[in-house]
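Residue numbers (this note's numbering): 40 to 1180.
So, in structure tokens, the structure goes:
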């Protein structure tokens, strides 16, 4: 065993010297040895971090050397400064001890000579171990030199030296490129296997064994390891024991955790992986003192390639990059902490980052630094320019009598510079998700109608969920609650302050003084006139919300109070404490409290029943207990959990109790203790909280596994899993109507979900630290969050006001269209449904179910009474728009039907299909369809002209065709797009045709085919759809870049960019009045955008957020001096009835 006390290596592969603690790969080692012995060349591929190098170095090679007496040639990296074949030859001569390579011999000849000498020197077999072959496929590597190496390897495989075995290691994302290079050399690819990462369960067992092998041994528990490994699972995989783990990440975290525990540092609660990693890397660099900056720049600039992969760095290059005489210190420190991995070749060292995961992280840091530096340079340039122009304006003013024109010019230039600075700052903040501040900056721009991109930024800010108001408290917030009437918010901080704010953000907060100790919880009384807090000093306190009167102190507990809550009539307060008791107090502080004793250890929560006659408590002893409020009789003990119970709550009717436990379950009990509890099992982490829905029929749970789940309270069926947080979920609650769930996360976001799991959640992003709570307002229209960043925020529960989002689909939304009166929108989705929504976003959608496969398009009839859908099940269907009755099924296409549309009079339908045809049907389904044949491949879209006499189709053959709707005559063919044409439609007057293509262009053609088309190229990537506005003056497009764009139909000017979708925008359509757009996204949402004028956008920016730009932001982005910035901030705060702090 290595001399290091810490058994975890960090992000570097295992070597032979660590083989006695190379756990978990015994079976893989056996299979790989068998494969190597069976075939002359064996390819081992897998994802980065799977452990390919470790398997070879610590598992396979030692076994081959000991049991089969192999001689081993190792090439573990490929220097860019050496030809790869030459590098291999040098390694063979060195590792096989053949002397120096012959001078003057070509590399291919030297390779053959090395084989000849090796065979002559010994009959022991030879293993050529060639790692990281993907380095040879990176941009900038000489392809001819790489081909020379591959040709040499083929010759080795074909050589008569039967004892020569090759093992090639390759990242699987380079496998395709490798195959392309080896089309004529199948021998190198014929035999091989994939090595996948260890699973959560496997890595947990490896970590447990490793911790026990350290000095001194540490005993890590399987449950905590399961939670830790779930945090380092491969992104996108479900939180199960079979999820794959990023091994390097796990090693870094476990290495640091082992050190912390070896140093005697207590780790309470779940172990968070990401902060450990950040501390580890920061500590490594900080340990270098004044050289930290040089070391960071070395990593960022020399050890990652242009594509973010690892790069090799020679010792000489490192010495040149670092301060004179300091290279050895920096390199030794980085190597010793496993950040760098060193290799040796012919007496010279080379270095690389210990793992690709570190390379990606360093690459991200480098890009972030470059962006920051660029932003700062731009900001400094704008400031300098602004100062120069301000000076010019001052000088101009002095000579205004004779040079008034110069003054006006200088003022205009100063305004231009100021606007450019504001626009630059807005873009920067929008990228960071600070949409509320972007709104304020954009309102400072003078004459925005003249500023290119202002409207795009305004729409971008409005499309993000921004808080309506931010309450800035003193210290990290432990909780925030909304008053019963929804008019106030109370916050409690860990610094001991309690503040009551108006929910609308106006006026000054009332500060409730007299606390001082760290606060844990806060709650309103049922009438909203009082609040009660619990704190670490063992005291609960009751205040009047308006701050008048004396605070009532409830003293008696001998330890911190975990929770405090009012009784339903507001006359009493119940508290739960770590002293092992709960206590019932008169809220006015009179009399002695009733002490509820019985729990063996901390009481974690206490709550009244709805009628106020009972209390339920939960404890670390694994039980919940039901007590009479008057203390008479023995408590009813609800026992069954195998670990701590963190919370317990009554159902709205008081007949049931739900408990949440660290044993990963929630349980629903009859409140009288009869019968067996229903066990809600499925979380793979601790269950932190559980709460009933308002009707008592469902339960929502929050867990450290990063999910919330909605269960039937009777335990039937499968839970709805709400997945999206990237760290543990701190809380989960139902909305007052039970239709939605709000969650708060340690990832700094809150989310509002549909309780049935449909659609996408509203993501409330902007906090800079863990969010401790998220609660609905009584009307369900707002969500209030509290965070360790010292702020509470009030958000719209349904997300941004612009655009309105339609969120209930469970898969990509592929099309969307308005009804003829503009009051409804129909959407089609790959979830197999179409849905009909009110265009104002209110109410529940009508769901059209029946297709057996994905629904690709949906459109209204001209009278708005019917809808036609096209599906991957090979049919089109005609439905009543209100969802009643059975749909009419149109069958005939041989394969997917990709679009369907009504004729202007509503009597016909045209469809397009994968079978290469368009078909014209009678809308009542009678008769045979007219078949339009001619496209050489899939027909992607089909649409009637305004008068109904023509049809335009587009296909993946790159053509657009205009047909007579009766099928007579030959179609007019429009050619010009390079690649498939994704959509085609007539203009409102029928004289033009607009098309969109995978070539990234939109083209406007004369419908008779004469002349050249107008080409619009917005560098949007492949464009999915294009449409004319009802007046024909504008064009809307949607693209793979996640944006929709609105252009002038004549191609002049800059397009308006509408950003917000988080994936390709599949479809776009105007409303009948041209005032709105609807977009359909692969992100499972449709969005309705109002095409607002500049004054309307400004009104939205003012209304949607009531915060003020802080003085520091004013100084940074408005270039105001400190005094002016503070004055302007104070003026803004006063306009909201607040006083600047």
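Beta carbons: idealized from backbone N, C-alpha and C, even for Gly. All figures in this text were calculated on a predicted structure; none of them were measured in a lab.
Residue 906 - partner residues in DSSP beta bridges
Per DSSP, 899, 918.
Given this structure, state the Cα-to-Cα distance separating residue 626 from residue 480, to the nearest angstrom.
Cα-Cα distance, rounded: 47 Å.
Check the C-beta distance from residue 1047 over to residue 1063 and give it rounded, since I have them as a contact under 8 Å.
In this structure, residue 1047 and residue 1063 do not form a Cβ contact; the two beta carbons are roughly 27 Å apart against a cut-off of 8 Å.
Going by C-alpha to C-alpha distance, which of 882, 901, 921, 951 sits closest to residue 913?
That would be 951, whose Cα lies nearest to the Cα of residue 913.
Spell out the partners DSSP gives residue 739 in its beta bridges.
Note: residue 739 sits in a beta bridge opposite 730, 749.
Three-way DSSP call (helix, strand, coil) for residue 41 in this model
Note that residue 41 has pLDDT 40, beneath the 50 cutoff, so the model's placement of it is unreliable and no number is given.
Looking only at C-alpha atoms, which of 273, 637, 649 sits nearest to residue 677?
When each option's Cα is compared against that of residue 677, the closest is 637.
Given 8 Å as the limit, is there contact between the region 241 to 259 and the region 85 to 105, that is, 3 or more CB pairs closer than that?
In short, these stretches do not touch, since the Cβ pair count stays below three.
Where the alpha helix (DSSP H) containing residue 73 begins and where it ends
Residues 65 to 77.
Residue 717 to residue 689, Cα distance in whole Å?
Per the coordinates, the alpha-carbon of residue 717 lies some 15 Å from the alpha-carbon of residue 689.
What is the DSSP secondary structure of residue 613, counted as helix, strand or coil?
Taken through DSSP and simplified to helix, strand or coil, residue 613 comes out as strand.
Assuming residue 140 and residue 130 are in contact, meaning their beta carbons sit under 8 Å apart, how far apart are those beta carbons, in whole angstroms?
Wrong, their Cβ atoms sit about 10 Å apart, outside the cutoff.
Supposed close pair residue 564, residue 572 - CB separation, criterion 8 Å
Contact flag wrong, Cβ pair sits at about 12 Å.
Name the one or two DSSP bridge partners that residue 844 has.
The partner list for residue 844 (beta bridge, DSSP) reads 1126.
Report, in whole angstroms, the separation of the C-beta atoms of residue 604 and residue 562, which I expect to be a contact under 8 Å.
Confirmed, about 5 Å.
Could you tell me how far apart the beta carbons of residue 153 and residue 128 are, in whole angstroms, since I believe they sit closer than 8 Å?
Residue 153 to residue 128, Cβ: 6 Å. Contact.
Can you tell which of 965, 1028, 1036, 962 has the C-alpha that lies nearest to the C-alpha of residue 992?
Scanning 965, 1028, 1036, 962 for the CA closest to the CA of residue 992 turns up 1036.
Considering only DSSP beta bridges, list what residue 994 is partnered with.
According to DSSP, residue 994 shares a beta bridge with 978.
When the Cα of residue 691 is compared with those of 646, 598, 961, which residue comes out closest?
Taking only the C-alpha atoms, the option nearest residue 691 is 646.
With DSSP as the reference, identify every bridge partner of residue 297, one or two as the case may be.
Paired residues: none, contrary to the question.
Below 8 Å between beta carbons: does that hold for residue 282 and residue 239?
In this structure, residue 282 lies near residue 239, with their beta-carbon atoms less than 8 Å apart.
Using the beta-carbon count (16 or more within 10 Å), is residue 618 buried or exposed?
By the 10 Å Cβ count, residue 618 comes out buried.
So, at 7 Å on beta carbons, what are the nonlocal neighbours of residue 319 in its own chain, with the 5 sequence-adjacent residues on each side left out?
Cβ within range, chain order: 291, 295.
Look at residue 827 and residue 850 and say whether their C-beta atoms are less than 8 Å apart.
Their beta carbons are not under 8 Å apart, which means residue 827 does not touch residue 850 by this criterion.
For residue 269, count neighbouring C-beta atoms within 10 Å of its own C-beta (all shown protein chains included) and say buried if the count is 16 or more, exposed if not.
Flag for residue 269 reads buried.
Per DSSP, residue 1021 is paired with what?
DSSP output for residue 1021 lists no bridge partner at all.
Just list the residues that DSSP pairs residue 873 with in beta bridges.
In DSSP, residue 873 forms a bridge with 867, 887.
Taking contact to mean 3 or more Cβ pairs, one atom from each stretch, closer than 8 Å, check whether the region 210 to 227 and the region 66 to 76 are in contact.
Taking 8 Å as the limit for Cβ pairs, the verdict is that the region 66 to 76 does not touch the region 210 to 227.
Using C-beta distances below 8 Å, list every residue in its chain close to residue 821, excluding the 5 sequence neighbours before and after it, in chain order.
507, 521, 525, 542, 815, 833, 834, 835, 836.
Reducing DSSP to helix, strand and coil, say where residue 440 ends up.
Its pLDDT being 47, under 50, residue 440 is placed unreliably by the model, and the measurement read from it follows with that caveat. Residue 440 sits in a helix when the DSSP states are folded into three classes.
Would you mind sorting residue 1127 into buried or exposed? The rule is 16 or more other CB atoms within 10 Å of its CB.
With 16 or more Cβ atoms within 10 Å of its Cβ, residue 1127 is classed as buried.
Between which two residues does the alpha helix (DSSP H) carrying residue 1192 extend?
Nothing in the structure corresponds to residue 1192, since the chain is present only between 40 and 1180.
Could you give the residue range of the alpha helix (DSSP H) that holds residue 217?
Segment 214 to 220, the alpha helix (DSSP H) holding residue 217.
To which residues does DSSP link residue 1115 through a beta bridge?
DSSP, once it has assigned bridges, lists 1129 as partnering residue 1115.
Could you say which of 666, 899, 199 lies nearest to residue 633 if we only look at CA atoms?
The option with the nearest alpha carbon to residue 633 is 666.
Per the contact definition of three or more C-beta pairs closer than 8 Å, is the region 750 to 757 in contact with the region 789 to 806?
Result no; under three Cβ-Cβ pairs closer than 8 Å.
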